[in-house]
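Note that the protein sequences, when read in sequence, are chains L, Z, V and P. Under our numbering, think of the first position of the first sequence as 1, with each following residue one higher. Under our numbering, think of the first position of the second sequence as 362, with each following residue one higher. Under our numbering, think of the first position of the third sequence as 484, with each following residue one higher. Under our numbering, think of the first position of the fourth sequence as 632, with each following residue one higher. Structure record follows, encoded as structure tokens.
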Amino acid sequence: MRQRTVIPFGPQHPVFPEPLQLKLHLEEERVIEAIPVLGYVHRGLEKLAEQKDFVQNVFLIERLCGICSFMHALCYCQGIESLIGLQVPDRARFLRTIWAELARLHSHHLWLGLLADALGFESLFMQVFRNREIIMDVIEATTGGRMIFCSCLIGGVRRDIPNDLLKETIARLDQAEKLLDQIAPVILAEYTVKERTANLGIVTKEQARKLGAVGPVARASGIAMDMRTLGYAAYGDLDFAPIVEEAGDCYARIVVRVKEMYQSFDLIKQAAKRMPKGEHALPIKRLLPDGETVVRVEQPRGELMYYIRANGSKKLERVRVRTPTYANIPPLLHMLTGAQLANVAAVAVLSIDPCISCVER
Amino acid sequence: MRELEAIEIGVDQLLGEAHLLAQDGWRLVTITCARSEDGCEVIYHFDKDLKLKHLRLQLALEQEVPSIMPIFFPAYLAENEAMNLYGLRVTGLNIDYGGRLFTTAEAPRHPMARPAGARGEE
Amino acid sequence: MGVYRWARQRSPWIVHFNAASCNGCAIEFFTAMTPIYDTERFGIINTGNPKHADILVMTGGANHRNARVIKNIFWQMPAPKAVVAVGVCACSAGIFHDCYNMLGGVDKVIPVDVYVPGCAARPEAIIEGILRAAELLAESGGEGVGGD
Amino acid sequence: MNPLFWSWSAVTIATVLGGFLLGGFLTGIDRKLTARMQNRVGPPIVQPFFDVIKLWGKERVMVNPMQLLYANTYLFFSVASLVLLILGWDLLMILFISAFASVALVLGGYSVESPYARIASQREIIQIAAAEPVLVLAMVGMFLVTGDFTAAAIPEHPRPLLVDLPLVFVALLIAIGIKLRKSPFDVSTSAHHAHQELVRGIYTEFAGPTLAVLEVGHWFEMIFFLVFLGLFWAPDWRIAGLLLTSTFILELLVDNISARYTWSWLLKVAWVGGMGLAAVNVAWLYL
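Quick look at the structure:
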């Protein structure tokens, strides 16, 4: 019989900034079985959300995940707005779209950097993060925060982006897009990157559907599923189509995300061009949520779903968060089985862009 | 009060309904567990072409519910989580964390379950 | 010995552990390694291995499951060593302090030498915190701060 | 005492001191240049000395006493191979001594329980298997050109070796990329940062002073291979220096523009590419 090793991959592991633990059963360097051990980040946020009132919850929900905090706030606010029957002003819808796309940009940059790092491609990691800093500067200039924007409110957004700042933002983003033009070919055409990622971690269209893959993982397998086509915020007024690749391997997931970065630049420009005038927030005094609802938005990692149940008081009865990584863990386990150890970090785990603090809350 | 358009089903109908949905190409979005007056409420959310369908299940205290993991594999995290946080009794799990998906022995056993004497509290 | 103190301050190697954090601080920590901030100009290297590290950078608070891991990493580090708690969660568990699964800040589990506030802490603040810890390492003269 | 002994001792001491200083500075330059290529400021050139001194002053944590033995063996054989090369001894023997150093490292990795270090040791064996045959072929080529297996014979050869052994030189670039632990060949340890699946591979379980010994050993290994490459343009040390500088920068450049590869690919490149090139060159000389 061949020798079996069990490698506890994580929770503290250098290629992996988050404490996910995978118990990898190896034969030589081949993974026979992978079992995720969760709970290293579990805080009990859903319980806390029932103890605070629904306005305070926005601040709590933003701290669910530092990378896509705006998306969580957006999704939660949309849910509460639908429960109290509030229509947000047009300008707020467009501003939300801009920030949502900025969040997607910085998240995708981050993912690309971490992937490069896991592949041992240090200089690409550095270049991607250099470009990401431009996005972060824009975020800081428009919201005042870097990781946690605190810009989404129930009834609108906390602050406006004045038109001259908007113009400046677009100029900065053009700069970032030009830098991305230099980086993207390196990722997509570099021999070693392609060899390390193509034909690995394949999830076919059928498997992706069965395993419940969402976001870029599903789109890389040929499923045109993008929650933005539901038309929330200002997405209904903008022109875009979900980006789909057919191969379903790790390389296809890279391609999807790189194209989505360009799509985000484009969406921000469209939104800035069609930015309506007017208020950016409505007061919510004396309005209380009642009933239950399910809201979905497209996070950088895929479909984010909130189930909110209120009872007409200030405190909510139940807030259930289903994050995209939660849905992408079954496809991940599928990818890991049979993978080489060298490909575990780089190819399988990072290609779903995991966010463990989202999963465990 | 605005309610979710959910199909109310009984525990014995669950597997049959799930089977039909699976054949029809629906995707399991997630399973939500919530407290109700006398026990626990489980909502199964399904999606097909961006349309949602919900199955609602009212459970009495200590009532068991079959796992839908054999039909929808992605249920595995959600069911284990419900077992952990709500003390839901799920039977027939393929991957069973024994009600300890997120928490360890030092933490409250079923932290989201009803306070004082209700299901799952020890 | 003087020469060791002198070298210690100039070569702080880091191990980073992300406990019950929202990733915000963890990502800002990564950002601190990259061109705009570049911690390597101070000799700071993210070794990723507790046995090679002088400074443990903690982001996120301690919960019931990861407390053991935090202790484990801390005790694997050879003396002298220091701990930097980055972000409000690592300092006091912040908004999560009364969650059922949280123990509190990292200092509930291991001794912390430098507290870096912020939600999320900015990369400049993180670098400052690490350099402060490196100074502590140099002052300790071999006994080790944050030891027992 | 006879004068030969004194001159050998002087050369030995000079090599040990010089190798230590040069190795540290070269590593510093390596890190600085890498940082500059990545749009960073980078550490001071003397940073590797800070690191080694600091490591030397740390607590002695060892998994088992054998670790110290293997680390010191690694350092000793790395130094010995460089000294013997400078003294111009038999190349084959020098090669075996430098292989001993690698074997000591592998044993050090195997001596601990950590699965990371063990898997890295397996990979290191593969690296040795990939690089050593190329080195042996290179020495056979040198022998065919100079008619002598000693390193001292090479500078006396009328023409630079590069003229006769161009393909061997290219093959050696691959082997030296492996030996210097540069991307894409860096599968068993990570040179500066441990951002790979095996943490720092073989080095994972070494800490404090023992790690310092390994670091210094690696400096000597690096100098050894650079001097070995320098033989290709001996005796003109100016051109050899230029050759070495450009080789060094080339390795850095490749390190910076490629991702790390898997060990199976490494074997393919080293055996098909490296050995193929070297074998063609040697065969051509032989005929």
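Beta carbons: idealized from backbone N, C-alpha and C, even for Gly. A quick note: this is a predicted structure, and the numbers were derived from the prediction, not measured.
Cβ neighbour criterion (16 or more within 10 Å) applied to residue i
i: G531(V); result: buried
i: E364(Z); result: exposed
i: S895(P); result: exposed
i: W111(L); result: buried
i: L60(L); result: buried
i: V403(Z); result: buried
i: D239(L); result: exposed
i: Y191(L); result: exposed
i: N455(Z); result: exposed
i: W578(P); result: Residue numbering for chain P in the displayed model covers 632 to 918; residue 578(P) lies beyond these limits and cannot be assessed.
i: I553(V); result: buried
i: N199(L); result: exposed
i: N441(Z); result: buried
i: S640(P); result: exposed
i: Q492(V); result: buried
Proximity winner among the options, relative to residue i (alpha-carbon distances)
i: L288(L); options: E81(L), Q12(L), E245(L) and H72(L); result: E81(L)
i: D596(V); options: N501(V), A509(V) and L614(V); result: L614(V)
i: D375(L); options: S151(L), Q299(L) and V128(L); result: It is not possible to answer for residue 375(L), since the shown part of chain L is limited to 1 through 361.
i: P594(V); options: S575(V), A603(V) and M585(V); result: S575(V)
i: S313(L); options: L83(L), L22(L) and R132(L); result: L83(L)
i: A509(V); options: G120(L), K23(L), P19(L) and E27(L); result: P19(L)
i: H547(V); options: G601(V), V599(V) and N584(V); result: N584(V)
i: L153(L); options: L179(L), W99(L), E133(L) and L114(L); result: W99(L)
i: F366(L); options: G222(L), G66(L) and G155(L); result: Coverage of chain L is limited to positions 1 through 361, which leaves residue 366(L) absent and any answer about it impossible.
i: I785(P); options: V844(P), L718(P) and E882(P); result: L718(P)
i: G507(V); options: Y487(V), P495(V) and G570(V); result: G570(V)
i: E173(L); options: R159(L), V295(L), T142(L) and V193(L); result: Here residue 173(L) is Leu; the residue named in the question, Glu, does not match the sequence. Here the closest residue by C-alpha is T142(L).
i: A761(P); options: D795(P), L897(P) and V913(P); result: L897(P)
Cross-strand partners of residue i (DSSP beta bridge)
i: N501(V); result: T542(V)
i: L420(Z); result: C401(Z)
i: A310(L); result: G291(L) and L316(L)
i: G587(V); result: A545(V)
i: C394(Z); result: V403(Z)
Residue i versus residue j: straight-line alpha-carbon distance, rounded
i: P431(Z); j: K210(L); result: 11 Å
i: A608(V); j: S107(L); result: 22 Å
i: H788(P); j: A730(P); result: 27 Å
i: L389(Z); j: A439(Z); result: 10 Å
i: Q207(L); j: R196(L); result: 22 Å
i: Q758(P); j: L726(P); result: 15 Å
i: V451(Z); j: G39(L); result: 20 Å
i: N670(P); j: G485(V); result: 34 Å
i: I35(L); j: I135(L); result: 36 Å
i: P331(L); j: V344(L); result: 13 Å
i: C150(L); j: A272(L); result: 21 Å
i: K205(L); j: M693(P); result: 51 Å
Any C-beta of chain L under 7 Å from that of residue i
i: M473(Z); result: yes
i: R470(Z); result: no
i: R491(V); result: no
i: C574(V); result: no
i: N695(P); result: no
i: P435(Z); result: yes
Below-7 Å beta-carbon distance, residue i vs any chain V residue
i: E442(Z); result: no
i: K689(P); result: yes
i: G215(L); result: no
i: F681(P); result: yes
i: G391(Z); result: Checking the displayed sequence, the identity of residue 391(Z) turns out to be Thr instead of Gly. Taking Cβ atoms only, chain V never reaches closer than 7 Å to T391(Z), which makes this a no.
Interface flag, residue i vs chain P, CB-CB below 7 Å
i: R130(L); result: yes
i: S351(L); result: no
i: S623(V); result: no
heavy atom of the ligand MN below 6 Å from residue i C-beta
i: G302(L); result: This structure lacks the ligand MN, and indeed carries no ligand of any kind.
Residue i at chain A interface by Cβ criterion, 7 Å
i: Q669(P); result: Among the chains of the structure shown, chain A does not appear; the protein chains present are L, Z, V and P.
Interface flag, residue i vs chain Z, CB-CB below 7 Å
i: N584(V); result: yes
i: G212(L); result: yes
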